[in-house]
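Chains as they are written, first to last, in my numbering: chain R, 1 to 610; chain A, 611 to 941; chain L, 942 to 1243.
This is the structure:
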C-alpha cells in the first residue's frame, strides 16, 4: 500500500557495483573508511526528495524517523497497553493517577549531532511546533513547563481525560530549539494559550479563533522552513551524511547518548517510486530490512527464494474497508448496506487483492478481528453477523427495501437503475485490485459497478469529506485501542468533533466540517437498544479502565456490525522482511520489529557479520 | 552576419513559442473544471484565513491571485515567469518549482543527449551501409531492423531492457543516477558511476530512435548516390574514400530536418524511460506531478521540457546553417 | 525551423492509378509472402477489434483459484491477478485501443491534409501563418502535451482519445502534404484547371488531393500505430484513470500491481499485450513495404 512516493529510486548495491565494475570497490570502501557494510533499508513514510528541507514537519522532509529524527519514546504497538514504550530521548516518565499530568526526564547524556546538549527547552519548542501542526491539540495538551534542564512537565487541558495522552505525547518528535525557534514568533505561547480558550465568552472565542488561524499560518511556515544548517541536526543514533535522488546515506551519530549500543556504522535509505521497486530490491536481496509493503503471492515466493531474506510477521492494527456516504441515496438504507455485505465475498477479495499481508475480515464490526476476539465474550461473538456470502439473503433484503430485479439488473425504489462506482486510490495496488473484484461481483449480481481511481490518498480523504464519494475505500483501525478504531467511523467522519472538552456534532450539510458518513444520531445494537455511537466513542477515549471500557466496546461493535456503516474487507498483517546475509542479531519481539530499525540498533540489536 | 541574423530570428521565434506554451498551461490550469487555484483559495478561506492571507498563500503557490480579472492574473503570472518564478510546489511542501525543475533537468538532458548521439552514430552508419549495400543480405537486414525498431514504442523497448538486464540477468543497476557514496564532481569514480547507471536508459533512447536515423540516412544516401556530382567524381576517378566523404557530407544534411521531430520524440520518451529506470528527470517529474495533482509543478516541468526541445532545435538549426554553405550564403 | 520532409511526390501515380488499382494492389501484395503476412496480421487485429467483444460476456469471469495461471488449454495466454483469461482481456481490450487509434489516424489525416493543402496551394500569408502553427505543433513534444491534457480531458470514449491524439499529431503530415502540393500546383493539369477558372476548392480537392491520396493512405496506417503507442503509453503511465479494459491498462497492472518484471508468474500478463503491440507493428511494417511499392512506381520498376 505504499504510495507512489515523490522522487526516484535507487542505486547499485555494493555487491552489484563490485560485480559490475571494478572501479567502484575501492571508491566505495574508501568512502566508508573501513566502516564495513552499510545497513540498507527504506522508509515507509516518504522517499527522498532532493531539495526538500531537513525538517521533520515537512511532508517530504529529508529526515528519517527512528534514525536521525528522534522521539521522546517509541510505542511498542501493544494491543493491550497503550502506555508500553521503548525509551527514546525520554529516559523515564511519571504519570499521575488519572493520566492527566506527565513528567518526562530526558536522557542525561542526550546531545545533538553538533555536540550541544538536548535540553528541556528543545522539548518545549518542539511542543510549540506540535501546536502549530495541530498535533498537540490532537492529544489535548494544555500546558508544557520546563522544570529544569532535564525535566519537562506536561498537563492535559483542564477537565480533559484523554486516555492516550501519554501515548501520543511520547511519540512527538523533538527538534533543536537553536534551529527551529527562529521561525516561531516570540509570543508563540501567548498565541497557543489564546487559541486554547473554549469557554462561552464570545469575545474570547473570537480571539481564540483568530489565534488558531495564526497558529495554522505559522504551521505552514514551519513545515516549509529549511533549517539554516546545511545538514540536519540529529539527536538519534544516525545523522545524514549525503543524499541523492536514489539514496540517502546516514552515518552513526558519535554524540548519540547510547552510541555504544549502536553497532551499525552506516545506514543507506533507499528511495522508491512504487511497490514494484521495493519488490526489486527485495528480490535482489539488497534490503537488510523492509518495512511493510503490499505484494502479490508470486512476488512473495520470489522474495523468499532470495538468499538471506526472512519474513517477519507481526500483527497490524489496520484494516481496509469500503465506506458508505449515507447522505447519498440509496446507501442511507441499512438493508442496502447489509445486502452489499452479503454480496461481496471478502474471502475472494482478500485472496486476490491482499493475498500475502491480509486476512479476510470476519466481522464488519469496526474492529480488527484480533481485537474483536479480545473484547467480546464468546456469546457476543456468536451473536455478531459475519455476513457470509449469501446472494439470496441479499436479494431478500433488497426486495424488502423496494428494489426490483429487471432483466438481471437492480432498479432502485425510485425507479432508476442502480449503478455504482467504487472509488479507490492511484498507486494503492491492493485497493485497485479489490475494487475490480468487488465490481465484477456486484455487476454479476445485477448492480453494474466500475472502479474509479482518485489521484492520491489525501485527495480521496478530501473528496470523502466533501461528500463526493458514495462508496469508497477507507482505512480502519489505525491505532491500538478500540477508541482509535471506532473513531474512524464515529469521529470526525461522522461529524463528531471535540471542541475543547465539548463534543459537538456537525451535520453533513456543514461545509468543510468533515461529516461524510452521516449516520443517524442513534443506531440500534443487536438487541435493539438505541445508542449514540459518537458520544460512546468519545467516552471510550476518556476512560482508563479496561473493565469500564468493555461494555461500551461491545455495544459499539454490535451496533456497527448491525448497521454496516463500513464493510471491513480485510485486516492487514504486518509482513516485513529482514535479510540475514550481512547482519545478525535481529530483534524478535514485535515491540521492536514494528519500529524503525534505528530503534533496534539503539537498543544494541543488529551486528554486522564478521 | 547572415548567420547572426538567422540565429536572432530563431531565438525570437523560440521565445514566442515559450510564451505560447506558458500561456497554454496558465489557461489550462486556470480553466480546469473545479479550478484548483480557486479551490485552494476557498479551502484556505474555509479554514478560517482572511481573504488577504489566503490570497497571499495562493499567490505564493501559483504566482498569481485567483480573484483578479483573468487578464490581470495572466500578466501577473507572466511577470513572475520573467523573473523565473514558477510558483511553489504543492506536493513538495514549500519548495519552489524552479528549484525542483532545475535539479531534475540535467538528468533528462544528459540522458536524452547521450541517447541522441548514440542513436545518431549507429543509425547513420547503419544507414550508409544499408544504402551502399542495399542489394545484399546485410543491407536488407539492416533496413528491416531499422523499420522494426522504428516501429516499436519506447516503453516497450524500455520495459524489455529493464526485464532482461536488471531482472533476468542483473548486469546493470536499477534506480538512482549514481552511487550516493561517491563525491559529486569531476572525478572518475563519480562519472564512471553515472555512466554505468545510464547504460540502460541511454540504450532505450538509442534503440528506439536508431531506426528513424537509419531509414532517413538510407534514403538520403540513395538519392545522393544518383546525383551528378557523384557520378562525375566516379568518372573522374576520385578515390572511393574521398568520394565517400562527398556523399556522407551531402547525405547528412537532410538529417537535420529529422532532428526536430526526433527531439520531441526523445523528450516524450523521457516520461517512460525515466519512469521505468527510476531516473528523477523532467519526464518522471511531469508524471508524478500529475498523479499528485500538483499543477504548479506540472506546468513547470512541461514548460522546461518544451524549452529544452525548442533550445535544442535552435542549436541544431544553427549548426545546420554553419554546415550547409547554401544557407550560409543566402536566405 | 524545420525543413521539408522527404516524401517524393508521386508524380506518375495519376496516370497509373485508377483502371486496376485493386489488381495492382493484389499483385504487389502477393509478390512477397512477407507482405501477405503483414496484411493478414492487420486484418486479424481489425477483426479482433470488431467482433472481439461479442465473443465474451460483458463482465469477464474471475477465478480466484487461477491467479496468474500459466498458459493452458483453458487459458491459452494465462491469467491475470484475478484469474481472468489474458486472451479474453486482449480480445475484448482490442476494440478501444484500435478504434481510438483509427480515430486518431483519421483526425491526424484530416487536420494534416487540409492544412497542408490549403497552405501549399495558397502560399503567401496563409501559408506563413499555417506553417508557423505547424512548426509549433511539431516542436511541442507531443506525448508530454498529451499527459498534461489528460488532466482536463476525459479519455473515456475512444473518439475523445482519438481526437486529442489527432490534434496533437498532425504537424508532420501537414508539412509533407504542403511540400507535395507545392510541387503539384505548378504542374500542367493544375495550371490548366486554374486557367479554366475552376474554383480553388475544386482544384485542391479534385485535382491535387487525389494525387497525394496514396501518400495520405500510407500515413493513415502509420498514424494508427502511432496512436496505439500514445494511448497505450498514457494508460501504462497511469495518468489516465482507467474505466475500460485495454492493453495499456493490462501493461500498467502487470508492472505495477502484478510485479511482472519481478516474477515470472505474472509475465504472461505483461507479455500478452506487449506481443500484440509488437505483432501489430510488424504487420504494419511489412504491409507498408507493399504500400510503398504500390504508390511509388519508381520502386516497382527497380
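Ideal placement from N, C-alpha and C gives every residue a C-beta, glycine not left out.
Practice item. Check the Cβ of residue 773 of chain A against every Cβ in chain L and list those closer than 7 Å, keeping chain order. Key: Locating residue 773 of chain A in the second chain gives position 163, where the first residue counts as 1. 1202, listed in chain order.
**Study point:** Nearest-angstrom Cα separation, counted from residue 282 of chain R out to residue 28 of chain R
**Key:** In the first chain, the residue the question calls residue 28 of chain R occupies position 28. In the first chain, the residue the question calls residue 282 of chain R occupies position 282. Unreliable placement is indicated for residue 28 of chain R, whose pLDDT of 35 sits below 50; no coordinate value is reported for it.
**Study point:** Residue-level contact to chain L via CB, residue 611 of chain R, 7 Å cutoff
**Key:** Given that chain R is displayed from residue 1 to residue 610, the structure contains no residue 611 of chain R and the question cannot be resolved.
Review point. Buried or exposed: residue 141 of chain R, going by 16 or more other Cβ atoms within 10 Å of its Cβ?
Key: Position 141 of the first chain, counting from 1, holds the residue named residue 141 of chain R. Buried.
Point to revise | Cβ pair residue 1135 of chain L, residue 1061 of chain L closer than 7 Å | key: Taking the first residue of the third chain as position 1, residue 1135 of chain L is located at position 194. Taking the first residue of the third chain as position 1, residue 1061 of chain L is located at position 120. For residue 1135 of chain L and residue 1061 of chain L, no; Cβs fall outside 7 Å.
**Study point:** For residue 709 of chain A, the first and last residue of its enclosing alpha helix (DSSP H)
**Key:** Taking the second chain and counting its residues from 1, the one referred to as residue 709 of chain A is at position 99. Per DSSP, residue 709 of chain A belongs to the alpha helix (DSSP H) from 707 to 742.
Practice item. For my contact list, residue 66 of chain R and residue 598 of chain R are in at a C-beta cut-off of 8 Å; report their separation, rounded to the angstrom. Key: Along the first chain, read from residue 1 onward, the residue named residue 66 of chain R stands at position 66. Along the first chain, read from residue 1 onward, the residue named residue 598 of chain R stands at position 598. So it is a contact: roughly 4 Å between Cβ atoms.
Check your understanding: Along chain A, which residues have their Cβ under 9 Å away from the Cβ of residue 1215 of chain L?
Key -> For the purposes of this step, residue 1215 of chain L is taken as the residue at position 274 of the third chain. Those are 766, 769 and 770, listed as they occur along chain A.
Exercise for review: Tell me whether the beta-carbon of residue 83 of chain R lies closer than 7 Å to the beta-carbon of residue 157 of chain R.
Suggested key: Here residue 83 of chain R is taken as the residue at index 83 of the first chain, counted from 1. Here residue 157 of chain R is taken as the residue at index 157 of the first chain, counted from 1. Remark: C-beta atoms of residue 83 of chain R and residue 157 of chain R do not approach each other more closely than 7 Å.
Check your understanding: Would you say residue 410 of chain R and residue 438 of chain R are within 7 Å of each other, going by their C-beta atoms?
Key -> Sequence index remark: in the first chain, residue 410 of chain R carries index 410 (1-based). Sequence index remark: in the first chain, residue 438 of chain R carries index 438 (1-based). Going by C-beta atoms, residue 410 of chain R is not nearer than 7 Å to residue 438 of chain R.
Exercise for review: Would you list, in sequence order, the uninterrupted alpha helix (DSSP H) runs of no fewer than 4 residues that lie entirely inside the region 419 to 482 of chain R?
Suggested key: 429 to 445 and 457 to 465
Practice item. Report back the beta-carbon spacing between residue 991 of chain L and residue 1225 of chain L to the nearest angstrom; my notes put them in contact at under 8 Å. Key: Residue numbering aside, residue 991 of chain L sits at position 50 when the third chain is read from its first letter. Residue numbering aside, residue 1225 of chain L sits at position 284 when the third chain is read from its first letter. At roughly 18 Å, the Cβ-Cβ gap does not stay under 8 Å, so residue 991 of chain L and residue 1225 of chain L are not in contact.
Exercise for review: Taking 7 Å as the cut-off, decide whether the C-beta atoms of residue 1082 of chain L and residue 878 of chain A are in contact.
Suggested key: The residue you call residue 1082 of chain L lines up with position 141 of the third chain. The residue you call residue 878 of chain A lines up with position 268 of the second chain. Using a Cβ distance threshold of 7 Å, residue 1082 of chain L and residue 878 of chain A count as a contacting pair.
Point to revise | Separation of residue 294 of chain R from residue 275 of chain R, as counted between CA atoms | key: Here residue 275 of chain R is taken as the residue at index 275 of the first chain, counted from 1. Here residue 294 of chain R is taken as the residue at index 294 of the first chain, counted from 1. Each residue's alpha carbon lies about 7 Å from the other.
Practice item. Consider the Cβ of residue 1095 of chain L: report whether some Cβ of chain R lies at a distance smaller than 7 Å. Key: In the third chain, counting from the first residue as 1, residue 1095 of chain L sits at position 154. No, because no Cβ of chain R sits closer than 7 Å to the Cβ of residue 1095 of chain L.
Exercise for review: Specify the secondary structure class of residue 309 of chain R as computed by DSSP and reduced to three states.
Suggested key: As a first step, residue 309 of chain R must be located in the first chain, where it is residue number 309. Correct three-state label for residue 309 of chain R: strand.
Check your understanding: Any beta-carbon of chain L closer than 7 Å to the one on residue 274 of chain R?
Key -> Residue 274 of chain R sits at position 274 when you count from the first residue of the first chain. Yes, residue 274 of chain R lies at the interface with chain L (some Cβ there is under 7 Å from its Cβ).
Review point. Would a C-beta distance cut-off of 7 Å place residue 343 of chain R and residue 394 of chain R closer than the cut-off?
Key: For the purposes of this step, residue 343 of chain R is identified with residue 343 of the first chain, where counting begins at 1. For the purposes of this step, residue 394 of chain R is identified with residue 394 of the first chain, where counting begins at 1. Cβ atoms of residue 343 of chain R and residue 394 of chain R: closer than 7 Å.
Review point. Residue 925 of chain A: buried (16+ other C-beta within 10 angstroms of its C-beta) or exposed?
Key: Numbered from 1 along the second chain, position 315 holds the residue referred to as residue 925 of chain A. Residue 925 of chain A should be labelled exposed.
Check your understanding: Looking at the C-beta of residue 343 of chain R, does it have a partner C-beta in chain L at a distance below 7 Å?
Key -> What you label residue 343 of chain R is simply residue 343 of the first chain in a count that begins at 1. Not closer than 7 Å to any Cβ of chain L, the Cβ of residue 343 of chain R fails to qualify, so no.
Review point. Run through DSSP, which three-state label would residue 765 of chain A get?
Key: Counted from its first residue, the second chain places residue 765 of chain A at position 155. Three-state result, residue 765 of chain A: helix.
Check your understanding: Does the beta carbon of residue 29 of chain R come closer than 7 Å to any beta carbon on chain A?
Key -> On the first chain, position 29 is the one that residue 29 of chain R refers to. Residue placement at residue 29 of chain R is flagged as unreliable, the pLDDT there being 34, under the threshold of 50; the coordinate-derived value follows with that caveat. No, no contact with chain A.
Exercise for review: Compute the Euclidean distance between the alpha carbons of residue 749 of chain A and residue 851 of chain A, then round it to the nearest angstrom.
Suggested key: In the second chain, residue 749 of chain A corresponds to position 139, counting from 1. In the second chain, residue 851 of chain A corresponds to position 241, counting from 1. If you take the alpha carbons of residue 749 of chain A and residue 851 of chain A, they lie about 20 Å apart.
**Study point:** Under 7 Å between C-beta atoms of residue 1099 of chain L and residue 1159 of chain L
**Key:** By one-based count along the third chain, residue 1099 of chain L stands at place 158. By one-based count along the third chain, residue 1159 of chain L stands at place 218. No, these two residues do not count as a Cβ contact at 7 Å.
**Study point:** residue 1160 of chain L CB to nearest heavy atom of the ligand MG below 6 Å
**Key:** The model on display carries no ligand, and the ligand MG is accordingly not part of it.
Practice item. Using alpha carbons as the reference points, say which of R:318, R:234, R:381 and R:336 lies closest to residue 574 of chain R. Key: Position 574 of the first chain, counted from the first residue, corresponds to residue 574 of chain R. Answer by Cα proximity: R:318.
Check your understanding: How would you label residue 1140 of chain L, buried or exposed, when you count the other beta carbons within 10 angstroms and need 16 or more for buried?
Key -> Looking up residue 1140 of chain L in the third chain gives position 199. Exposed, because fewer than 16 other Cβ atoms sit within 10 Å of the Cβ of residue 1140 of chain L.
Check your understanding: residue 320 of chain R bridges to which residues according to DSSP?
Key -> For the purposes of this step, residue 320 of chain R is identified with residue 320 of the first chain, where counting begins at 1. Partner(s): R:475 and R:570.
Practice item. Check each candidate in A:803, A:837, A:628 and A:680 and name the one with the smallest Cα separation from residue 641 of chain A. Key: One-based indexing of the second chain puts residue 641 of chain A at position 31. For the residues A:803, A:837, A:628 and A:680, the minimum Cα distance to residue 641 of chain A belongs to A:680.
Exercise for review: Name, going along the chain, the residues of the region 1074 to 1095 of chain L whose beta-carbon falls closer than 9 Å to a beta-carbon of chain A.
Suggested key: 1076, 1077, 1079, 1080, 1081, 1082, 1083, 1084, 1085, 1086, 1087, 1088, 1089, 1090, 1091, 1092 and 1093
Check your understanding: Quick one: what's residue 94 of chain R bridged to in DSSP?
Key -> Your numbering for residue 94 of chain R matches position 94 in the first chain. According to DSSP, which records beta bridges pairwise, residue 94 of chain R is partnered with R:103.
Practice item. Leaving aside the five residues before and after residue 1161 of chain L along the sequence, list all residues of the same chain whose C-beta is less than 7 Å from its C-beta, in chain order. Key: To locate residue 1161 of chain L, count along the third chain from 1; it is residue 220. Closer than 7 Å at Cβ, skipping near neighbours: 1046 and 1050.
Exercise for review: Give the straight-line distance between the Cα atoms of residue 1157 of chain L and residue 966 of chain L, rounded to the nearest whole angstrom.
Suggested key: In the third chain, residue 1157 of chain L corresponds to position 216, counting from 1. In the third chain, residue 966 of chain L corresponds to position 25, counting from 1. If I take the Cα positions, the gap works out to 16 Å.
Review point. Between the region 876 to 901 of chain A and chain L, which residues of the former have a C-beta closer than 7 Å to a C-beta of the latter?
Key: 877, 878, 881, 882, 885, 896, 897, 900 and 901
Check your understanding: Expressed to the nearest angstrom, what Euclidean distance is found between the alpha-carbon atoms of residue 931 of chain A and residue 758 of chain A?
Key -> The residue labelled residue 931 of chain A in the question sits at position 321 within the second chain. The residue labelled residue 758 of chain A in the question sits at position 148 within the second chain. Roughly 32 Å between the two C-alpha positions.
Exercise for review: With a 10 Å radius around its C-beta and 16 neighbouring C-beta atoms as the bar for buried, classify residue 1142 of chain L as buried or exposed.
Suggested key: Within the third chain, numbered from 1, the residue matching residue 1142 of chain L stands at position 201. Counting Cβ neighbours within 10 Å, residue 1142 of chain L comes out exposed, since fewer than 16 surround it.
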